[in-house]
Amino acid sequence: MKIACFSTKPYDEQFLSAASQEFEHEFVFLEHRLDASTVVLADGCDAVCAFVNDTLDASVLEQLGKLEIGLLAMRCAGVNNVDLDAAAKLGVRVVRVPRYSPYAVAEHTIGLILTLNRKIHKAYNRVRENNFSIDGFLGFDLHGRTFGVIGTGAIGRTLASIVVGFGCRVLLYDPYPNDEARKLGEYVELEQLLAESDLVSLQCPLTPETHHLIDADRLSKMKRGAMLVNTSRGGLVDTSAAIEGLKSGQLGGFALDVYEEESGVFFEDLSQQVMQDDVLSRLMTFPNVLVTSHQAFFTREALETIAQTTLQSIGAFSRGEELVNEVVASPS
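Using this note's numbering, read the sequence shown as starting at 585 and increasing by one per residue.
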C-alpha cells in the first residue's frame, strides 16, 4: 500500500521507515498538516496517516473519499479531531494507536510538576549566569500532599503509582472506575477531588462531555493555590478561565504540555516570528506557568510502538483482516 503521511517530522520518518522494513508498504512523507488545502497531496495513495493537529472534519474526509482513500491511520491515541460519523458514512475506516507508553506521559507529568514546584528551569538559567542565589526558589514537599488524578486509564494509573511512591494521598475520578486503580487511591466525586487536592492532573480523553472540563466554575471549586497539570488534550481546560485563576491566586500553578489552540504552533519553530496567539502569550508571562510543546509522548519506546502499531493496522487493512485498533462513532 502507498500511504500519505502528513505532519511529518524527521523523527516520524525515522521510526516509521525503520518499522516499515518488516512490511511491504510505501510511505510518502509530507511536512504539511492535513486540511482542506493539502488533502490533494494524498492523491494516488491508498491510505492516509495523520496526527493530533491535522484537520479531519467532514469536508476533508469527503475529499479523501473522492480520492478513494479507504483507511485513515491516526498515529496517536486521541481521535477528537476526526469526524467519525462522516468517516463511517463515507466508508473511510479509522484506526489509532490506543497505547504506546503510559510511562512516557506519566513521567513527563512528574517532570513538569517537579520543575514548576522547585523552579528547576529558573535555577538552570540563573546558574548559567554565575548567579548561585536560591532566593525565589522555595517549593514544597510532594510527600504528604493530596494528588488528584482525573482519568484512570493506563496513563492515569501509571501516574497514580508513581505519586504513591512519593508518599502522596491519591484521589481518583473517572466515570468508569476500575479495580486496578482502586489499589492506588480512593475514587471520589470530581467536586471532592478538586476541593481536597493540592495537585490535580488531567489524564482523560477529549470528548464533547469533557470539553472545558476545567472551567471557571470548576477552578473556583479547587483548593486555593493548588497546581493544575494537563498532559492529555488542551481542550480539557478553558485557558482564559485558567488565566483568571492565576491572576486571582486561586490557581497556584499551571503546567501544560497541550493547549486548546495548539495547531499551527506546537511542533513548529516560530522563534523568528511574532506570536499571534494572545491567549498563549499572556499565559506564558506568568512566573508560575510552565509550558512544553506536546512532548509528553516523545520517548524512543513510544515512537517505536506507535510506528509498529500503525503499520500493523495498515497491514491488516491491506489483507482484509480484522482491524483491532479501529475506532467507530458512538451510537446516537
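Where is the CB? At the ideal position from N, CA and C, for every residue including glycine.
Residue i versus the options, residue with shortest Cα-Cα distance
i	options	result
Ser643	Tyr595, Val663, Asp669	Asp669
Glu773	Pro759, Asp638, Ala671, Ile694	Pro759
Leu743	Gly628, His727, Gln787	Gln787
Asp630	Thr883, Gly899, Gly829, Asn909	Gly899
Thr622	Gly723, Asn762, Glu597, Ser591	Ser591
Cys633	Thr639, Leu651, Arg659	Arg659
Ser785	Leu756, Glu905, Gly728	Leu756
Ile739	Glu652, Thr794, Ala765	Ala765
Gly675	Gly662, Ile697, Leu648	Leu648
Pro761	Ala825, Ala779, Gly737	Gly737
Glu770	Ile734, Thr791, Leu803, Lys706	Ile734
Lys673	Leu645, Ala688, Ser877	Leu645
Asp725	Glu713, Ile704, His705, Leu698	Leu698
Val911	Lys593, His609, Ala588, Asp667	Asp667
Gly720	Thr693, Gly728, Lys706, Ser847	Lys706
Thr693	Arg712, Val842, Met859	Val842
Inter-residue CB distance, residue i and residue j (contact presumed, cutoff 8 Å)
i	j	result
Thr815	Ala886	13 Å between Cβ atoms; not a contact.
Glu845	Asp862	Contact doesn't hold; Cβ gap of about 10 Å is too wide.
Arg741	Gly723	Not a contact, Cβ separation roughly 26 Å.
Thr883	Ala688	4 Å
Gly628	Pro789	Their Cβ separation, rounded to whole angstroms, is 33 Å, which puts Gly628 and Pro789 out of contact at 8 Å.
Glu610	Ile587	7 Å
CA-to-CA distance, residue j to residue i, given in whole angstroms
i	j	result
Asn665	Gly819	11 Å
Val636	Arg753	33 Å
Lys767	Pro686	18 Å
Gly749	Asp641	42 Å
Gln856	Val849	13 Å
Glu905	Gly654	14 Å
Gln896	Val678	13 Å
Asp763	Asp799	29 Å
Ile746	Asn909	28 Å
Leu778	Arg802	8 Å
Ile718	Arg710	9 Å
Arg866	Ile827	8 Å
Leu651	Ala626	8 Å
Ala657	Leu907	11 Å
Arg903	Met585	10 Å
Leu830	Val624	44 Å
Arg680	Glu852	23 Å
Thr794	Asn715	44 Å
Gln605	Ser804	53 Å
Ala913	Ala671	9 Å
Glu608	Thr639	28 Å
Pro682	Glu775	29 Å
Ser832	Thr893	45 Å
Ala825	His878	21 Å
Tyr943	Met859	One cannot answer for residue 943 here, as it falls past the ends of the chain, which runs 585 to 916.
Ile704	Cys589	37 Å
Gln834	Arg817	22 Å
Leu854	Leu864	13 Å
Phe901	Arg617	24 Å
Cut-off 6 Å between Cβ atoms - residues of its own chain near residue i, not counting five sequence neighbours on either side
i	result
His923	Because the chain here runs from 585 to 916, residue 923 falls outside it and cannot be looked at.
Gly809	Gly836
Ala839	Leu696, Leu700, Val813, Leu874
Asn872	Gly837
Leu783	Phe731, Met811
Glu620	In the sequence as presented, Glu is not what sits at residue 620; that position holds Ala. So the list reads Ser643, Val644, once near-sequence residues are dropped.
Ser847	Asn637
Glu713	none
Tyr684	Ala886, Thr889, Ile890
Per DSSP, the bridge partner or partners of residue i
i	result
Arg677	Leu655
Cys788	According to DSSP, Cys788 bridges with nothing at all.
Leu756	Val733, Tyr771
Glu780	DSSP output for Glu780 lists no bridge partner at all.
Ala631	Ile587, Leu655
Met811	Leu783, Gly837
Leu874	Ala839
Glu846	Glu846 pairs with nothing; no bridge assigned.
Proximal residues to residue i (C-beta, below 8 Å), its chain only, five neighbours per side dropped
i	result
Phe599	Leu887, Glu888, Ile890, Ala891
Ser781	Thr730, Phe731, Gly732, Leu755, Met806, Lys807, Ala810
Thr791	Asn664
Phe727	Here residue 727 turns out to be His, not Phe, going by the sequence shown. Contacts found: Phe750, Gly751, Cys752.
Cβ neighbours of residue i in the same chain (closer than 7 Å, five flanking residues each side left out)
i	result
Glu597	Phe613
Met868	Val875
Tyr708	none
Ala690	Ile739, Thr742, Leu743, Ile746
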